[in-house]
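Residue numbers (the working numbering), protein chains in the order written: chain X, 115 to 341; chain C, 115 to 341. No residue lacks a Cβ here, since even glycine has one placed at the ideal position from N, Cα and C. Scroll down for the structure; my scribbles are underneath it.
There are 2 protein chains.
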Amino acid sequence: MQTALATAGLVPLLSATLSNRASTARLDSETRSGTRRTYEAGGEIFAEGDRAICFYKVVSGAVRTYKLLSDGRRQIDAFHLPGDIFGLEAGEEHRFGAEAVTATRLIVHRREPRGLIGDDGVLAREVVAAVMRGLERAQDHMMLLGRKSAKERIATFLLSLSQRMANGSGAIELPMSRCDMADHLGLTVESVSRTVTLLEREGLIELPPNRRTVVLRNAAALRHLAG
Amino acid sequence: MQTALATAGLVPLLSATLSNRASTARLDSETRSGTRRTYEAGGEIFAEGDRAICFYKVVSGAVRTYKLLSDGRRQIDAFHLPGDIFGLEAGEEHRFGAEAVTATRLIVHRREPRGLIGDDGVLAREVVAAVMRGLERAQDHMMLLGRKSAKERIATFLLSLSQRMANGSGAIELPMSRCDMADHLGLTVESVSRTVTLLEREGLIELPPNRRTVVLRNAAALRHLAG
DNA sequence: CGAGACCTTGAGACAAGTCAACGCTGGTGG
DNA sequence: CCACCAGCGTTGACTTGTCTCAAGGTCTCG
Numbered sequence: 115m116q117t118a119l120a121t122a123g124l125v126p127l128l129s130a131t132l133s134n135r136a137s138t139a140r141l142d143s144e145t146r147s148g149t150r151r152t153y154e155a156g157g158e159i160f161a162e163g164d165r166a167i168c169f170y171k172v173v174s175g176a177v178r179t180y181k182l183l184s185d186g187r188r189q190i191d192a193f194h195l196p197g198d199i200f201g202l203e204a205g206e207e208h209r210f211g212a213e214a215v216t217a218t219r220l221i222v223h224r225r226e227p228r229g230l231i232g233d234d235g236v237l238a239r240e241v242v243a244a245v246m247r248g249l250e251r252a253q254d255h256m257m258l259l260g261r262k263s264a265k266e267r268i269a270t271f272l273l274s275l276s277q278r279m280a281n282g283s284g285a286i287e288l289p290m291s292r293c294d295m296a297d298h299l300g301l302t303v304e305s306v307s308r309t310v311t312l313l314e315r316e317g318l319i320e321l322p323p324n325r326r327t328v329v330l331r332n333a334a335a336l337r338h339l340a341g
Numbered sequence: 115m116q117t118a119l120a121t122a123g124l125v126p127l128l129s130a131t132l133s134n135r136a137s138t139a140r141l142d143s144e145t146r147s148g149t150r151r152t153y154e155a156g157g158e159i160f161a162e163g164d165r166a167i168c169f170y171k172v173v174s175g176a177v178r179t180y181k182l183l184s185d186g187r188r189q190i191d192a193f194h195l196p197g198d199i200f201g202l203e204a205g206e207e208h209r210f211g212a213e214a215v216t217a218t219r220l221i222v223h224r225r226e227p228r229g230l231i232g233d234d235g236v237l238a239r240e241v242v243a244a245v246m247r248g249l250e251r252a253q254d255h256m257m258l259l260g261r262k263s264a265k266e267r268i269a270t271f272l273l274s275l276s277q278r279m280a281n282g283s284g285a286i287e288l289p290m291s292r293c294d295m296a297d298h299l300g301l302t303v304e305s306v307s308r309t310v311t312l313l314e315r316e317g318l319i320e321l322p323p324n325r326r327t328v329v330l331r332n333a334a335a336l337r338h339l340a341g
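Structure follows, in C-alpha cells:
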C-alpha cells in the first residue's frame with residue numbers, strides 16, 4: 115500500500131499515463147475528509163504569510179490568489195473556479211493571499227503530515243495534478259505578461275475563461291471586476307475597459323449592458339489574436 | 115540543500131511515507147542511472163513539442179527554457195544553473211524549448227513510467243522539489259512581469275542571480291546575453307542595456323569593460339528597488 | 001588585424017499609464 | 001415605489017515608460 119502511495123504521488127509527475135487514468139477516475143473527493151466553508155464576496159480566505167495549515171477546493175463561486183508589492187501594486191496569480199484546488203504550498207507559509215471573488219463555497223482539507231492524504235489516492239493525485247496544472251498555467255501566463263499586447267492579453271483571457279466555464283452557450287459570466295482582470299493581466303483598469311470595448315467594436319465579442327457578461331462572437335479571430 | 119527543500123516541501127504536501135523510507139538513503143543521485151551529455155553554447159537540448167523522454171540536471175554551464183509566439187516573440191521562462199533540474203513535464207511533450215546558454219554539461223535521466231524513480235527516493239524528492247521550486251519561481255516572476263518597472267526588473271534579476279551563483283565575492287558572471295535577459299524580463303535589449311547603464315551611473319552596480327560581469331555595489335538599494 | 005557578434009546610445013514613435021470626469025446600475029432607505 | 005447613493009465601468013485628454021529604428025562602439029576569436 116505504501117508503494118502504491120508513492121506511485122500515486124510521483125508517477126503523474128513523470129508520465130501522463132497515470133494522469134489520464136486519474137482524470138477518468140472521477141470519484142468525488144468532495145465526499146471525503148474535507149469540511150465545508152462559505153465566504154461572501156470579497157471575504158479573505160487566507161493572507162500572504164499565514165501558516166499553510168489547509169488547502170482548498172472550490173465548490174462554487176470563484177477565488178483569486180494574489181501577491182502584493184509594498185506600495186500596493188497587486189498581481190493576481192490566478193482565478194480558481196469550481197473544481198480547482200488552491201492554497202498548496204511547498205513551505206510552511208502561504209506565499210499568496212486568497213480572497214473570494216464572489217460568494218463562494220469551499221472544501222477545506224487539512225494538510226496532514228502523513229496519513230490522511232496518503233490514504234486517499236484520489237485526493238493525492240488530484241493534489242499533484244493541481245500543482246502541475248498550476249505550473250503550466252503560470253508558465254503560459256508568463257508568456258502573456260512578458261510578451262503580449264493588451265488586445266492579445268484580453269483575447270487570451272476570455273478564451274481561457276470560456277473554456278474553463280464551458281456553460282454550453284458562448285456566453286461567459288465574468289465573476290471578477292475589471293480591476294481584478296487588470297491585476298491579473300498586468301494592465302490598468304482603464305486599459306482593460308478600453309480594450310474590451312475595442313474588441314466589441316470590432317465585432318469579436320458582445321457586451322450586454324450589464325458588462326459582466328461577454329459573448330464570444332468570433333472565437334476564431336480571438337484565437338488568432340491570442341497566438 | 116535540495117534534500118532539505120524536499121523534506122520541507124514534498125512531505126507536508128503529499129505524505130511522510132516516502133520521506134521516511136528514503137531519508138536514510140543518502141546516496142548521491144548523480145551516481146545513478148543518469149548519462150552525461152555536453153552541449154556547446156547555443157546548442158539545442160530539446161525543442162518545444164518534442165516528446166518528453168528525458169529530463170535533465172545541469173552539471174556546469176547554463177540552460178534557457180523558452181516559449182515562442184508564432185511571430186517569433188520569445189519568453190524565456192527560466193535560466194537553469196548547476197544543480198537545477200529542468201525538462202520535467204506532466205504531459206507527453208515538452209512545453210518549452212531548451213538551449214545551452216554557454217558550454218554546458220548535463221546529466222540526462224530517462225523518465226521511467228514507474229519503477230526506477232520510485233526506487234530512488236533521493237532523485238524522486240529532488241524531482242518534486244524541482245517542480246515546486248519551478249512553480250514558486252514562476253509565481254514570483256509573474257509579479258515581476260506584470261507589475262514591475264524596468265529598473266525593478268533588472269534589480270530583481272541581478273539579486274536573484276547573485277544568490278544563485280554565490281561565488282563569494284559580490285561579482286556575478288552573467289552567462290547570458292542582454293538579449294536573453296530581455297526575453298526573460300519582458301523587455302527589449304535596448305531597455306536592458308539602458309537600465310543596466312543607469313544602475314551603474316547611480317552607483318548601485320559596477321560594470322567592468324567586459325560587460326558580462328556585474329558587481330553589486332549597493333545591494334541594499336537594489337533590494338529596496340526589487341521590492 | 002579584421003570580421004562578426006554583442007552592446008550601447010540617441011531620436012522619435014507609440015502603447016499603455018495617469019488623472020479626471022461622467023454614466024450606468026443595482027441596492028437601500030425614505 | 002422612487003430617489004439617491006456607492007461602486008463599478010467607461011471615456012477623454014494628456015503624460016510617460018518602453019519600444020523601434022538607426023547608428024556607432026567594443027570585445028572576442030580566428
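Does the distance from the CB of residue i to the CB of residue j come in under 9 angstroms?
| i | j | result |
| --- | --- | --- |
| TYR153/C | ALA217/C | yes |
| VAL97/X | PHE169/X | For residue 97/X there is no data in the structure shown, the boundaries of chain X being 115 and 341. |
| LEU299/X | ARG251/X | no |
| GLU158/C | ILE199/C | no |
| ARG150/C | ARG219/C | yes |
| ALA243/X | ARG247/C | no |
| VAL306/C | VAL245/X | no |
| GLY341/C | SER184/X | yes |
| MET290/C | ALA176/C | yes |
| ARG326/C | GLU287/C | yes |
| GLU207/C | ASP164/C | yes |
| GLN253/X | MET257/C | no |
Is there a Cβ from chain X that is less than 9 angstroms from the Cβ of residue i?
| i | result |
| --- | --- |
| THR138/C | Confidence in THR138/C is poor, its pLDDT being 36 and thus under 50, which makes the residue's placement too unreliable to answer from. |
| ALA243/C | yes |
| PHE160/C | no |
| ASP185/C | yes |
| ALA204/C | yes |
| ARG247/C | yes |
| MET290/C | no |
| LYS265/C | no |
| TYR209/C | Rather than Tyr, the amino acid found at residue 209/C in this sequence is Arg. With 9 angstroms as the cut-off, ARG209/C counts as an interface residue toward chain X. |
| MET256/C | yes |
Output needed for residue i: all residues of its chain with C-beta closer than 6 angstroms, excluding positions within five of it in sequence on either side, in chain order.
| i | result |
| --- | --- |
| GLY211/X | ALA161, GLU162, TYR180 |
| LEU336/X | ALA269, LEU273, LEU318 |
| VAL329/C | GLY284, ALA285, GLU320 |
| LEU259/C | GLY300 |
| LEU313/C | ILE319 |
Do we get a CB-CB distance below 9 angstroms when we pair residue i with the residues of chain C?
| i | result |
| --- | --- |
| GLU250/X | yes |
| GLN189/X | yes |
| GLN253/X | yes |
| LEU141/X | Unreliable placement is indicated for LEU141/X, whose pLDDT of 44 sits below 50; the coordinate value is still reported in the next sentence. No - not a single Cβ of chain C is within 9 angstroms of the one on LEU141/X. |
| LEU259/X | yes |
| LYS262/X | yes |
| LYS171/X | no |
Mapping the DSSP letters down to three states, classify residue i as helix, strand or coil.
| i | result |
| --- | --- |
| GLY300/C | coil |
| GLY248/X | helix |
| PHE210/C | coil |
| ASP254/C | helix |
| ALA204/X | coil |
| ASP191/X | strand |
| LYS265/C | helix |
| GLU158/C | strand |
| ALA285/X | strand |
| ARG325/X | coil |
| LEU415/C | Residue 415/C cannot be examined here, being either before or after the span of chain C that is shown, 115 to 341. |
| GLU320/C | strand |
| ARG150/X | strand |
| SER312/C | Strictly speaking, residue 312/C in this sequence is Leu, with Ser absent from that position. Helix. |
Go through its chain and collect everything with a Cβ distance to residue i's Cβ below 7 angstroms, but skip five positions before and after it.
| i | result |
| --- | --- |
| VAL303/X | ARG292, CYS293, ALA296 |
| ARG187/C | none |
| PRO196/X | VAL172, VAL173, SER174 |
Can you find the residues in the same chain that come closer than 8 angstroms, C-beta to C-beta, to residue i, ignoring five residues on each side of it along the sequence?
| i | result |
| --- | --- |
| MET79/X | The structure shown has nothing for residue 79/X, since chain X only spans 115 to 341. |
| LYS265/C | THR309, LEU312, LEU313, LEU339 |
Q | the region 317-340 of chain X: positions lying closer than 9 angstroms to chain C by Cβ | A | Along the region 317-340 of chain X, there is no position whose C-beta sits under 9 angstroms from a C-beta of chain C.
Q: Scan the region 297-317 of chain C for residues whose Cβ lies nearer than 9 angstroms to a Cβ of chain X and list them as they occur along the chain.
A: Taking 9 angstroms as the cut-off between beta carbons, the residues of the region 297-317 of chain C near chain X are ASP297, HIS298, LEU299, GLY300, LEU301, in sequence order.
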